[in-house]
Each structure stands twice: as C-alpha cells, then as structure tokens.
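See below for the structure under consideration.
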Amino acid sequence: MDSQDTFAALSTPHGESALGVIRCSGPLCPDLVKGIFGRISPTPRRTYVADFTSKSGQFLDNVVYTFFEQDLSYTGDPMLEISCHGNPYILQHILEDLVTRGCRYALPGEFTQTAFLNGKMDLSQAEAVIDLIKARTNLSFKAASQQLQGSLSRRINKLVDDLLKIVAEIEAYIDFPEEDLPSEGETAPKQKISKLINEIDQLSETARTGIFLREGVKAIIIGVPNVGKSSLLNRLLGQSRAIVSDKPGTTRDYIEAAFFVDPYRITIVDTAGIHQTDDEIEKAGIDKTLEQIGLSDLILLTIDGSQSPTLLPENVSALLNSETTLVIHNKSDLTQNPELSNFLPEFLKAEVSALTGDGLDFLKQSIARLLGNPIISDQGDVVAVSARHHSALQKASTELETASQLLTQDEPAELVASHLRDSMTNLESIVGRIDNERVLDKLFATFCIGK
Ligand SMILES: Nc1nc2c(ncn2[C@@H]2O[C@H](COP(=O)(O)OP(=O)(O)OP(=O)(O)O)[C@@H](O)[C@H]2O)c(=O)[nH]1
Ligand SMILES: [Mg+2]
Numbered sequence: 267m268d269s270q271d272t273f274a275a276l277s278t279p280h281g282e283s284a285l286g287v288i289r290c291s292g293p294l295c296p297d298l299v300k301g302i303f304g305r306i307s308p309t310p311r312r313t314y315v316a317d318f319t320s321k322s323g324q325f326l327d328n329v330v331y332t333f334f335e336q337d338l339s340y341t342g343d344p345m346l347e348i349s350c351h352g353n354p355y356i357l358q359h360i361l362e363d364l365v366t367r368g369c370r371y372a373l374p375g376e377f378t379q380t381a382f383l384n385g386k387m388d389l390s391q392a393e394a395v396i397d398l399i400k401a402r403t404n405l406s407f408k409a410a411s412q413q414l415q416g417s418l419s420r421r422i423n424k425l426v427d428d429l430l431k432i433v434a435e436i437e438a439y440i441d442f443p444e445e446d447l448p449s450e451g452e453t454a455p456k457q458k459i460s461k462l463i464n465e466i467d468q469l470s471e472t473a474r475t476g477i478f479l480r481e482g483v484k485a486i487i488i489g490v491p492n493v494g495k496s497s498l499l500n501r502l503l504g505q506s507r508a509i510v511s512d513k514p515g516t517t518r519d520y521i522e523a524a525f526f527v528d529p530y531r532i533t534i535v536d537t538a539g540i541h542q543t544d545d546e547i548e549k550a551g552i553d554k555t556l557e558q559i560g561l562s563d564l565i566l567l568t569i570d571g572s573q574s575p576t577l578l579p580e581n582v583s584a585l586l587n588s589e590t591t592l593v594i595h596n597k598s599d600l601t602q603n604p605e606l607s608n609f610l611p612e613f614l615k616a617e618v619s620a621l622t623g624d625g626l627d628f629l630k631q632s633i634a635r636l637l638g639n640p641i642i643s644d645q646g647d648v649v650a651v652s653a654r655h656h657s658a659l660q661k662a663s664t665e666l667e668t669a670s671q672l673l674t675q676d677e678p679a680e681l682v683a684s685h686l687r688d689s690m691t692n693l694e695s696i697v698g699r700i701d702n703e704r705v706l707d708k709l710f711a712t713f714c715i716g717k
C-alpha cells in the first residue's frame, strides 16, 4: 500500500440495482474531475450531474459526482465519489476507465485503513465501521455506532492516562535509587494498580458477548429421537423448515437456519436424534452431531417432558457444560413426568411446547440469559469488546499483576515501571498505536472491498 497511489472500488454490492457508487481516493482525484468532467476546481462536497465519457471517447453513463478535498474526506486524502446507474456493465467499464487514467483497484478495507493512517479515526473506531455494516440487531448496531463515535477509545484512553500517572509516580523513585519506595508510597500505587486491574478485567469479560454480537451465535439442538427437536426448530424460526413426524429417526442430515433473540443473531442446527444404532446412515448423522456440538456456542438439549429421561451416551454428555447448555423440556402440553424435576440439576432449564408455542418467550429469555449481556455504562454506552481487544486487555492485566507483585517484593522501581509500560503498550494497541504494519494489513483485510 502506497499513500501516493489513487485507488478505486465499487462501494455498493455487485449486481443489478438502481444505483451503484464508485469511490476513488488519492492525489489523482482533482485530475480525474478535470480529465473526465472538464471541471478544474469543483466546489468540494457539492454534487454535479455530468456525462462520464471514457478516455477512448465512449459515452458510459450520465452520473452524479462529488469531490471531497483532502482532510475533509472519509479517508483524509482527496476523494471522488461517482453515483452511476447500477448496471454491472457500466460500473465495470467506469472502473476500468479509472484504471486507464492512473488509478488502481482498492484492497479490502483500504478506504478505512487510509482513514486510520491519516488520523481520521483510531483503530477501535475503524473496527467499528465493519461492525456497523454487519450489525443486524438493535444492540449490536448500538454497540458498533457508539464504538465508532469513540466510546471504547474514551474508556481505553482514560485507563492509559491513569496508568501514566502511576508510572510517573514510580519513575520518580528511579532518579533516587538510594531511597526505597516509602511505605505509604508503596500502598498507594498498589491500590491504584488493583483498581485498574479491576476495570480492565470488567471490560475484558464483555468479550464473550462482544464476539456473539459481532459474529453471531452458533447453536445446536440435540437430543434422543422423537423428542421434538425439528418441531422446536420450526417454532423458533416461525416457519416449517424441517420435516416433523412421529417416526423416530426423521432427521438424518443436519439442517441450518437463522433467527434472532435480541440482541443476538443465532444460526441454529437441527440434528439427527442421538441413540445406539446399527444403521450406517443414522450413525453418520450422529457423528456429524458430535462434530457440530464442538463448534457450537449454545447447545439446546431437548427432552420429551412427558417421558422418562433417557441418558445421553458418555461421549455426548462429556461435551456439555452449564455455561453453554440449556435443557429444554418439550411437550409441556402433555402430562409431565415427575422424575424430570431432578434431571440434570446443574443446567438452566426451560419448559416449552413446540406444538402450541407455549413457553416460547421464556425459552428465548433463557437463551439470552445464557449468552450474557454487554455492559451498559452510566452514560448509556454499550460496551462489548472484540477478540482482539480481549487479548490485549488480558495482557495488560497480567503485566499489572506482575508490577503489583514486584512492588510487594520491594523490587527496584525500574522493573516495576517497565511492566507498567508494557501494560500501557497493550492498552494502546486497542486504539491503534500499533507499529506493526503486517498486523494492520491483516486486520483491514477482513473488510470488504470499497469500504
Ligand atoms: N404433544 C406434543 N407433541 C410434539 C411436540 N413437539 C413435537 N411433537 C411431536 O413429536 C413427534 C416428533 O417430532 P419431531 O419434531 O419430528 O421430533 P425430532 O426430535 O426432530 O425427531 P427425530 O428427527 O426423529 O429425532 C411428532 O409427532 C411431533 O408432532 C409438543 O410440544 N407436544
Ligand atoms: Mg427431527
């Protein structure tokens, strides 16, 4: 990537549509406006209607274009945005013409990466751009838009500021090595460090929710045959997606679909009933179920509430734990079997009738409870960090723990300060003071082209 390049890309989805938007960013943009549209000094951020004629003289489209001057554009470099008719032929030819005029095709996320490199936003805000595009529920949208407006950056910068004050306090003693840290001086930084550790850990704990909000939740319905797994799937989706029958062994291959339990988008898999069988096809289905359980964030273990509970095979129950598993007593419209009251007591339970829909709301609430909630701060900010933030926060916290121990052991102030500084570097990496270009390239490569 070279900041002297001018790059271009289609910023709207491929295919036929009413409009298609092509964006260019880089130093050539003023020349493009002059060369294509014959306008020497366009008023920035004003729209113009003009014909787009290719360099070879072919009329391509009547377009609306906008020029954005350096610093006041999305990327921070001069930009040109062209709205054309959403015809893939036109869009392709306009892009090719821009390349003939000196542009190159943009890399994934290059517009946002340039905005970051030009200081238009910090890294956590740049990441929020992709979250915002992908957000599908009220809360994930809120979390992304607030992060884009700097909610996470403000929290992190405050932590860095607090840490910097502690470092300054400790470093004051480096200049006077003959003096030990006074006892009150020793407890004060230690208390401040432990307060910081608490705040960092709290933030770090939102990662599970943050990952679910960003990436969605993968769920699976499992249970012995005929308990109503496919009926439950259909009920959760609100449509008849899977075949239901009173014959055990109806579902063989697994069926995947998506539904929402606010704030989460849940992709759910209905599976073949688990039981001992010699049927090769059924066995293959059960093997697939085991594989899918390992990939799931949420397991809906379904039982028939009107029957005696059937224990699952050891290799299946070994994969279940109370953090990820919800036990569903289905067929609540039938007389319930009293033996079930102490079946799998360690798991959260919900009673439902897939047949009538009774208990569906409670079931959804139980799912949301198991998946957890993001922190909502006093200012109303939804805070839920990503996997990358989580890893940096954990490293920051570990460095602080070490610094605190060293203080207790009366180790030299230099050593303590060096761990505090390492902690600070990790915190700063969240908002983007990252030196490693490869890390940045990898991060922005997850964006779509044109963003
Ligand atoms: N009374 C009652 N019957 C139900 C309920 N849910 C499912 N059933 C019935 O139970 C039978 C089995 O339902 P399925 O949804 O096919 O069960 P399954 O667990 O997917 O079965 P397999 O795919 O064979 O493992 C069907 O006859 C359903 O109509 C319920 O809540 N109440
Ligand atoms: Mg089924």
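The numbering used here puts the first residue of the sequence shown at 267, with every later residue one more than the last. Ideal Cβ placement from N, Cα and C applies to all residues, glycine included.
Open item on the list: Can you tell me whether residue 540 sits near ligand 2, meaning its C-beta is under 8 angstroms from at least one heavy atom of the ligand?
Closed with: Annotation for residue 540 indicates a beta carbon at 8 angstroms or more from all heavy atoms of ligand 2.
Open item on the list: Give me the DSSP bridge partner(s) of residue 593.
Closed with: DSSP, once it has assigned bridges, lists 567 and 615 as partnering residue 593.
- [ ] Measure the Cβ-Cβ separation of residue 390 and residue 419 and say whether it is below 9 angstroms.
- [x] Cβ distance < 9 angstroms, so residue 390 and residue 419 count as in contact.
- [ ] Give me the Cβ distance between residue 517 and residue 489, rounded to the nearest whole Å; I'm assuming they're in contact under 8 angstroms.
- [x] Going by Cβ atoms, the distance from residue 517 to residue 489 rounds to 11 angstroms, so no, they are not a contact pair.
Task: Delimiting residues of the alpha helix (DSSP H) encompassing residue 656 - done: Run containing residue 656: 653–674, per the alpha helix (DSSP H) assignment.
Task: Under 9 angstroms between C-beta atoms of residue 466 and residue 669 - done: In this structure, residue 466 lies away from residue 669, with their beta-carbon atoms at least 9 angstroms apart.
Open item on the list: Do residue 283 and residue 342 have their beta-carbon atoms positioned less than 9 angstroms apart in this structure?
Closed with: No.
Task: Inter-residue spacing [alpha-carbon to alpha-carbon] between residue 692 and residue 664 - done: Using only the alpha carbons, I get a separation of about 10 angstroms.
Open item on the list: Rounded to the nearest angstrom, what separates residue 506 and residue 500 at their Cα positions?
Closed with: Their backbone Cα atoms lie some 5 angstroms apart in a straight line.
- [ ] If I'm right that residue 344 touches residue 293 with Cβ under 8 angstroms, what's the distance once you round it to whole angstroms?
- [x] Yes, residue 344 and residue 293 are in contact; Cβ-Cβ is about 6 angstroms, under 8 angstroms.
Task: Under 9 angstroms between C-beta atoms of residue 349 and residue 285 - done: Their beta carbons are under 9 angstroms apart, which means residue 349 touches residue 285 by this criterion.
TODO: For residue 536, write down the residues that DSSP places opposite it in a beta bridge.
DONE: Residue pairing by DSSP places residue 536 opposite 487 and 521 in a beta bridge.
Open item on the list: According to DSSP, is residue 710 part of a helix, a strand, or is it coil?
Closed with: Residue 710: helix per DSSP, three-state reduction.
Open item on the list: Per DSSP, what are the beta-bridge partners of residue 341 in this structure?
Closed with: Paired residues: none, contrary to the question.
TODO: Would you mind working out which of 688, 562, 373 and 656 sits nearest residue 637, comparing C-alpha positions?
DONE: Nearest to residue 637 by C-alpha distance, out of 688, 562, 373 and 656, is 562.
Task: Cut-off 7 angstroms between Cβ atoms - residues of its own chain near residue 662, not counting five sequence neighbours on either side - done: Taken in chain order, the residues that qualify are 466, 689, 692 and 693.
Open item on the list: Cutting at 6 angstroms between CB atoms, please list the residues of its own chain near residue 347, excluding the five before and the five after it.
Closed with: Counting only Cβ-Cβ distances below 6 angstroms, and skipping sequence neighbours, we find 289 and 332.
Task: Meets three-Cβ-pair contact criterion under 8 angstroms: the region 654–661 and the region 619–639 - done: The region 654–661 is not in contact with the region 619–639.
Open item on the list: I need the DSSP call for residue 287, collapsed to helix, strand or coil.
Closed with: Three-state DSSP puts residue 287 in a strand.
Open item on the list: Using C-beta distances below 8 angstroms, list every residue in its chain close to residue 405, excluding the 5 sequence neighbours before and after it, in chain order.
Closed with: So the list reads 479, 528, 529, 640 and 648, once near-sequence residues are dropped.
Task: Whole-Å CB distance - residue 616 paired with residue 594, under 8 angstroms assumed - done: About 5 angstroms separates the Cβ atoms of residue 616 and residue 594, confirming a contact at the 8 angstroms cut-off.
Task: Residues bridged to residue 347 (per DSSP) - done: The partner list for residue 347 (beta bridge, DSSP) reads 289 and 332.
Task: Residue environment, residue 430, which counts as buried when at least 16 other CB atoms sit within 10 Å - done: By the neighbour-count criterion, in which a residue is buried when 16 or more other Cβ atoms sit within 10 angstroms of its Cβ, residue 430 is exposed.
Open item on the list: To test your reading of the DSSP string, which unbroken beta strand (DSSP E) runs of 3 or more residues are found completely within the region 372–436?
Closed with: Taken in chain order, the complete beta strand (DSSP E) segments of 3 or more residues contained in the region 372–436 number zero; there are none.
Open item on the list: Does residue 648 come out as helix, strand or coil in the three-state DSSP assignment?
Closed with: Reduced to three states, the DSSP call for residue 648 is strand.
TODO: Identify the continuous beta strand (DSSP E) that holds residue 361 and give its terminal residues.
DONE: In the DSSP assignment, residue 361 falls outside any beta strand (DSSP E) and within the unbroken alpha helix (DSSP H) covering 354–366.
Open item on the list: Output needed for residue 300: all residues of its chain with C-beta closer than 7 angstroms, excluding positions within five of it in sequence on either side, in chain order.
Closed with: Shown here for residue 300: same chain residues with a beta carbon closer than 7 angstroms to its own, the five before and five after excluded, namely 306 in chain order.
TODO: Could you check if residue 476 is buried or exposed, using at least 16 other CB atoms within 10 Å of its CB as the buried criterion?
DONE: Under this definition residue 476 is a buried residue.
Task: Cβ-based burial, residue 714 [other Cβ within 10 Å; buried from 16] - done: By the 10 Å Cβ count, residue 714 comes out exposed.
Task: Residue interval of the alpha helix (DSSP H) (run including residue 473) - done: Unbroken alpha helix (DSSP H) run through residue 473: 473–481.
Task: Span separating the alpha-carbon of residue 461 from that of residue 671 - done: If I take the Cα positions, the gap works out to 14 angstroms.
- [ ] Look up residue 275 in the DSSP assignment and give the residues it is bridged to.
- [x] Under DSSP, residue 275 shares a beta bridge with 289.
Task: Beta-carbon proximity check, residue 568 vs residue 599, cutoff 9 angstroms - done: No, these two residues do not count as a Cβ contact at 9 angstroms.
Task: Contact belief for residue 471 with residue 652 at Cβ below 8 angstroms, rounded distance in angstroms - done: With a Cβ gap of about 13 angstroms, residue 471 and residue 652 do not count as contacting.
Open item on the list: Quick check on the DSSP output: the beta strand (DSSP E) that includes residue 317 runs from which residue to which?
Closed with: Residue 317: member of the beta strand (DSSP E) spanning 313–319, first to last residue.
Open item on the list: Less than 9 angstroms between the beta carbons of residue 322 and residue 272, yes or no?
Closed with: Using a Cβ distance threshold of 9 angstroms, residue 322 and residue 272 do not count as a contacting pair.
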